[in-house]
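Visitor:
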Amino acid sequence: MVESLQMFLFLFKSKYRRKWSWFSPFLCSVLIVLLFCHGVLAKCSDHNCLNGVCKNDTCVCYEGWQGPQCQHCGGKIKLTEPTGIITDGPGNYSVSTQCSWLIVPPRLGPNPPALRVRLESFATECGWDHLYVYDGDSVRAERLLAVFSGVLDNKDSGWTRQVIARSGSVLLHFFSDDAYAMEGFNVTYAAYSCPSNDHRTNCSNHGECDEGSCRCEPDWVGVACDQPLCPNDCNAENGGGVCTASGCVCAAGRGGSACGAQGGAAAWRWAWREEGEGGARPRGAPPPAAGHALVAHEQDLLRVGGETFADAPFLHRYKTVENEWIAMEARGEVPLPRFAHSTVIYGNELIVYGGVVASDEPERGGGLAGLEGRAGEVTNEVWRARLDAAHADWRNATPTACSPHRPAPLKHCGGLHLSGHTAVMVQMGPTKKPVMLVFFGHSPYYGYLHLVQEYYVEEGWWGAAGTRGAAARGGFAHSAAYDALSARVYVHAGLVSESEATQAPSAALYEYEIETRIWRPLPSAPTPRYLHTALFVSPGMMLVFGGNAHNDSASAGAGAGAAAARCYAAAAHLYHARCRTWYTIPGLDSSARAAHAAALLPHAPRPTAIVHAGFDGRLRSDALLFETGDKCSTRRDEASCLGSAQRAGTACVWRANDQTCVAIEEIGWKQSFDESVKACVNEPVFDERRCARAEYCSACVASGCAWCGSCLPTAQHCLRHAHQQHALMSLSVDECVSAGGGGEVCGRYHSCAACHAHLHRHPHGSEELSQRACYWDYDTVKCRPANSSTDIRSVAATATGVCSAACATFRTCANCTAEECIWCASAGRCVDKNAYGASFPMGGCRAWSTNGCAGAAGAAGGAGGAGGGCAAHASCAACLAEPACGWCDDGAGGGRGACLPGGERRPHHPHVCPHRRWHFTRCPACQCNGHAVCDGAARCVQPCGARAVGPHCDTCAPAHWGSPLNGGLCQPCECNAQAVSCAVDTGRCYCSTKGLAGDRCDKCDNTNHYHADLFNKGCYYDLAVDYQFTFNLSKKEDRHLSAINFRNAPVKPDVDADFSITCSAHARMNLTVRTRSDPAERTLFSDVNCTNFRYKFAKSEHAFGVEDNVTLTTFFVYVYDFRPPLWIQISFSQYPKLNLQQFFITFSSCFLLLLLVAAALWKIKQKYDLYRRRQRLFVEMEQMASRPFSQVSIELEKGGGGSGVPAPVALEPCRSGRAAVLSLLVRLPTGGTGRAPPLGGLALASALVTLGHQHHAHHAPHANTDRWRRDNQCK
């Protein structure tokens, strides 16, 4: 505040001292009020220290709190009360925060207490700020119960908002990034409790609590006994159904969980609920999972892989008839656990490709990795398993060589390393060759990909599909569903790249024609999403469910409300492929989730989709069923027939000739477009806006537009603008010429590596850099065609083809953050800034940073290295702030020790630290870093040793550098007596005189015009004469300065030198002079206040100028004894005096000369105007002489002369059309003799006239004049 006031006063004084108005006292009053308020607020009291006490006008926070008013949580704290409340603090939580709470209530019996942790309110930034709940005392506890993020709705079920820990202790950890903060959370906990809809009760007062589990009353179900067994009494009043001991039994024609769905309509219902939620569950249900795959095989379902936060079998089989799950035995070479992979079935064989391999390496991240950070490397492995009833024979089928007939995707013979991709099994070509199509995904090396890979199952080769048409934007965790009716694959939504630093979910929908490999855009969905599922629940009807629909919280902002930050969606959409129409259908309560899996239930009475497991902050294991409605044949009229798509989830067609409703698959895809049938209530409407977005021919025509040099809506538009276009018209992708394809192909790559990996193929199979098709333009951050561009950047990029190393290749925090990547310390991984959501979709990164590596794997050690992770913390306080670490005291009593990974009971390696010296939530009382011993009050006995100072001997003494933490040493600063301090980490001197440079202040900063002097020590800024210089010494790097030196040599020998200096704060000044004859400096002014100093050096007293290239007099100005911030204005000026006599003589001479020049120019103009008039006369005479001859018959009337304008005999226009020759008959005068002259007294007169514009008459009597007067006017 004081620094800001100093700056204002200086600027006000220097700029506005002559501008006095009413505003000046008003502004000063405001400043006084602000200073008073700042002084009042700066003083603390016990009232504004929310979680602390006021000591010496400073809030001293209680354990677990931080901030100027102790208003934000911080650090790690142990709670031993049986019940309590945990909160991040009042208002919004702080950014860049890590808070940990270890709950260890007292035991009241031999068994550990069941601990209930319940979210009362919760609002954090979705996907970025997380609350982790571990069942145990460390991040490697028995179980990871939850990773909460986003906004909790009051309607969310008791299962979602509360967890039960059974180990006797719970570790909660909250992390917020440095970008956005929300309202935060309030959490209650209670020992020996059960789930409930109120933290003050157990089992919602509808059951009994038994060791953490509720035994509900007969009419209530749910983990908290908070849900009625029969919702709405099964709608019995409306004939919905009856309530039984197992729930609602719906009447015929009714459906849904409460029998509320009308007959023939599609409906959701639970297949089974979570354990404790009520209802029957399958036998042998597998553990909860997310990011898995679910495929149908014969009569069963197969669950493959998935994130379980624990060890679990890789493959499970669900026997639909027996309602039983079994873990299939793995034989042969078994694949490692993974998630975000793809799975397809081919005959009796299971094919698994890519994904994120789960890693349980305990030392990953330097010991920081917990159960949430199992995400390891992204793989390109292809695993194939021969299935049997109870086991699977696995083999690694990853190709090791490229196909001789097909180009490999980006030259990777074994396929790309991908996660979040999708795969569809199809049959291609006339031979119906089985091919696994792999769409999009995210690569740690190439970013978000648009590629379509083709895995030929029988040959075992990879190939890259040469796609055409629209530029489909590839994303992570999208969905791909194959529709047998249209023989197309529909790819929807996903997380896509917005820029090099941002990502966002998409709502786009594309269709992919398998045989032609053409992409076509379709109408987008109502909401964007990723981590969802999509499948064709019936021919032509695609069901989209769940996912993460959250976009950036900062853009949602206050205007959208907290609901915009909800992470997980429960809404579902139906897409009618034939009519290109989206329908929104409600989902079940408490069914919101993401990263789930869906498949068609084999051999169901009617088409039914099953949605299994997923993630909503907790891993789920339940299942939903979506049952379609009645068949099309039950519809009796056109309206109900065409409305069955939205109501029943079936696509029907109305045949008008026989008034029947049939399923669309009965007449076929192509026949549904015939005029004899009606498939849609309203036929799809063409969106002309797609044409404006298309930049290339194939993208244009694939969107249904016409291409003729630019993209227009129809062929008629091209014909209408044919005179403006210079290209042939194209209406199909095949008609597009390949000349412009380079830009189209390049525009689909979203990273430099993928852009430069796209090469033209040489006919002989070799690749040359000169044939590179694309180059990466760093200015626009886009991939552009290289060979078709004349831009010099394309030539340079083609020749070098250099891209920055992929973020995934960096293994240390320092290297990662130096390249503008994100470093996840807990996982020991480096990822792109726009790939955080794709790399950690379920909160797998417990702490990340983009600048600074404190607490992370630093520059000295990599992930898991000796210098990173817990070992990077050199003090007990910093160590205990990390939830994965504890402090092992050395036992000497001086505060030295080691930071090790562990929990509250012991380190993860118990043999390295005895239990009595292990500290997890509170440091030992004596903390002197080994440089002192403590007295009876646990205070370090002063002075500290090893040049350390401070109450805990934790800083180096002034003029010393190093780190005294944990026994470290401090060394003296070596600065050549030019600095009083140096950088504590490197020893680089903070020079006290401006202009000195070098680590030891032994150089001058020549770059900024500070130079050494031949006779004096130090560095001087050379001031030019007649210029005013302003020096702003208020930057961060100037805070150590206390002196600055200037010098000036006046160069005009016969002019006095005026010196002026103004300083914004207190500073002293010495001014000396040195002459050519006497090299020794002579002091002129000493110890002068430089606030406002002026002086004139007379030429009679000093010899100014330059002789023999040597200045005669040099002034030296030394400003010292100041403390930044400081602003200095300094100048030396030599302005000569004004000679009034010479001024007036010069002015008069110039004025007279100007008058003479003006008179001469006026005469020249007159001569030129006379010349122009004569030239026009000559032209007129030539025009008159060149007229052709003709005869005109004239009838003369006897009588007196008429009045008005005479009519011409002839008007002969000239070739220019702007002039004409006007001919008139003129009556000659008689001269008073009464006798006409010879030839009848008439003469023919001609004149050259200009043709003017129409003369508008203003009066009615002149309206009927002759044509000459109407149409022309002679001038």
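Position one of the sequence shown corresponds to residue 392 (this note's numbering), numbered consecutively onward. No residue lacks a Cβ here, since even glycine has one placed at the ideal position from N, Cα and C. Given the structure is predicted, the values throughout are model-derived calculations rather than measurements.
1) Alpha carbon to alpha carbon, how far is Trp519 from Phe1231?
2) Taking only runs of the beta strand (DSSP E) that begin and end inside the stretch 525-550, which ones reach a length of at least 3 residues, in chain order?
3) Indicate whether the contact test is met: 3 or more Cβ pairs, each with one atom in the stretch 1005-1020 and one in the stretch 919-937, closer than 8 Å.
4) Would DSSP call Arg498 helix, strand or coil?
5) Below 8 Å on the Cβ atoms is my contact criterion, and I expect Val748 with Trp785 to pass it. Report the Cβ-Cβ distance as a whole number of Å.
6) What is the DSSP secondary structure of Phe1569, counted as helix, strand or coil?
7) Based on the DSSP secondary-structure assignment, which residues constitute the bridge partners of Tyr580?
8) Tell me whether the beta-carbon of Val1319 lies closer than 8 Å to the beta-carbon of Gly1288.
9) For Ser595, name the three-state secondary structure that DSSP assigns.
10) Given a cut-off of 8 Å on the beta-carbon distance, is the pair Ala1042 and Ser929 in contact?
11) Keeping to the same chain, check which residues put their C-beta closer than 6 Å to that of Gly1294; ignore five residues upstream and five downstream.
12) Where do the N-terminal and C-terminal ends of the alpha helix (DSSP H) with Ser1230 fall, by residue?
13) Helix, strand or coil: which one does DSSP assign to Thr1560?
14) Within 10 Å of its beta-carbon, does Asn1480 have 16 or more other beta-carbons around it, so buried, or fewer, so exposed?
15) In angstroms, rounded to a whole number, what distance separates the CA positions of Ala788 and Ile736?
16) Taking DSSP as the reference, what is the three-state secondary structure of Leu1547?
17) What is the DSSP secondary structure of Phe399, counted as helix, strand or coil?
18) Among Gln457, Gln894, Leu913, Gly885, which has the Cα closest to the Cα of Arg920?
19) Please tell me whether Phe576 and Leu510 are closer than 8 Å, where the distance is taken between their beta carbons.
20) For the structure I just gave you, are there three or more beta carbon pairs, one from the stretch 1469-1479 and one from the stretch 1542-1552, closer than 8 Å?
21) Below 8 Å, can you find three or more Cβ-Cβ pairs linking the stretch 912-926 to the stretch 855-875?
22) Exposed or buried, what is Ser637 when buried is set at 16 or more other beta-carbons lying within 10 Å of its beta-carbon?
23) Quick check: what's the CA-CA separation for Gly723 versus Ile742?
24) Decide if Lys1554 is buried, meaning its Cβ has at least 16 other Cβ atoms within 10 Å, or exposed.
25) Would the C-beta of Val1371 count as close to the ligand MN, meaning under 7 Å from any of its heavy atoms?
26) Excluding the five sequence neighbours on either side, which residues of its own chain have a C-beta within less than 8 Å of the C-beta of Arg645, listed in chain order?
27) Taking the Cβ atom as the reference point for each residue, do Thr488 and Ala581 lie within a distance shorter than 8 Å?
28) Given this structure, state the Cα-to-Cα distance separating Ala875 from Ala989, to the nearest angstrom.
29) Determine the contact status of Asp1393 and Cys1410, defining contact as a CB-CB distance below 8 Å.
30) Any idea what DSSP makes of Val1193, helix, strand or coil?
31) Using only the alpha-carbon positions, how far apart do Glu1472 and Pro1349 sit?
32) Just mark Met1233 as buried or exposed, buried being the case when its beta carbon has 16 or more other beta carbons within 10 Å.
33) Is it a yes or a no for the stretch 1087-1094 touching the stretch 901-914, going by three-plus beta-carbon pairs under 8 Å?
34) Could you pull the start and end residues of the alpha helix (DSSP H) that Glu715 belongs to?
35) Excluding the 5 residues preceding and the 5 following Phe927 in the sequence, name in chain order all residues of the same chain whose CB lies nearer than 7 Å to its CB.
36) In three-state DSSP terms, what is Glu1056?
Guide: According to the structure data:
1) It is roughly 10 Å from the alpha-carbon of Trp519 to the alpha-carbon of Phe1231.
2) The qualifying runs are 534-539.
3) Yes, since at least three Cβ pairs between the stretch 1005-1020 and the stretch 919-937 fall closer than 8 Å, the two stretches touch.
4) For Arg498, the secondary structure class from DSSP, reduced to helix, strand or coil, is coil.
5) Their Cβ separation, rounded to whole angstroms, is 15 Å, which puts Val748 and Trp785 out of contact at 8 Å.
6) The answer is helix: DSSP assigns Phe1569 an H, G or I state.
7) According to DSSP, which records beta bridges pairwise, Tyr580 is partnered with Gly475, Val508.
8) The sequence given here has Cys at residue 1319, not Val. In this structure, Gly1288 does not lie closer than 8 Å to Cys1319 by Cβ.
9) In the structure shown, Ser595 sits in a helix (DSSP, three-state: H, G or I).
10) Yes, the Cβ-Cβ distance between Ala1042 and Ser929 is below 8 Å.
11) Excluding sequence neighbours, Gly1294 sits near Asp528, Ser529.
12) Here the alpha helix (DSSP H) through Ser1230 covers 1227-1230.
13) The sequence given here has Asp at residue 1560, not Thr. Residue state, collapsed to three classes: helix.
14) It counts as exposed.
15) The straight-line gap from Cα to Cα measures roughly 15 Å.
16) In the three-state DSSP reduction, Leu1547 falls in the helix class (H, G or I).
17) Residue placement at Phe399 cannot be trusted, given a pLDDT of 44 that sits under 50; the coordinates are not used to answer.
18) Taking each of Gln457, Gln894, Leu913, Gly885 in turn and checking the Cα distance to Arg920, the smallest one comes out for Gly885.
19) Less than 8 Å divides the Cβ of Phe576 from the Cβ of Leu510.
20) In this structure the stretch 1469-1479 does not lie against the stretch 1542-1552, because fewer than three pairs of beta carbons, one per stretch, are closer than 8 Å.
21) Output reads yes: the stretch 855-875 touches the stretch 912-926.
22) The Cβ neighbour count for Ser637, taken over all protein chains shown within 10 Å, is under 16; the residue is labelled exposed.
23) Gly723 and Ile742 have their C-alpha atoms roughly 15 Å apart.
24) Counting the other CB atoms within 10 Å of its CB gives Lys1554 a total below 16, which places it among the exposed residues.
25) Judged by which ligands are present, the structure shown has none, so any question about the ligand MN falls away.
26) Taken in chain order, the residues that qualify are Asn626, Gly630, Gly631, Gly632, Gly651, Ala652, Gln653, Gly654.
27) Cβ distance not < 8 Å, so Thr488 and Ala581 don't count as in contact.
28) Rounded to the nearest whole angstrom, the C-alpha separation of Ala875 and Ala989 is 18 Å.
29) No, the Cβ-Cβ distance between Asp1393 and Cys1410 is not below 8 Å.
30) In the three-state reduction of the DSSP assignment, Val1193 falls in the coil class.
31) For Glu1472 and Pro1349, the distance between alpha carbons rounds to 34 Å.
32) Only buried fits Met1233, as 16 or more other CB atoms lie within 10 angstroms of its CB.
33) With a cut-off of 8 Å on Cβ pairs, the stretch 1087-1094 is in contact with the stretch 901-914, counting three or more such pairs.
34) Note, Glu715: premise wrong, no alpha helix (DSSP H); beta strand (DSSP E) at 715-718.
35) Correct list, in chain order: Ala872, Asp874, Met933.
36) Glu1056 sits in a helix when the DSSP states are folded into three classes.
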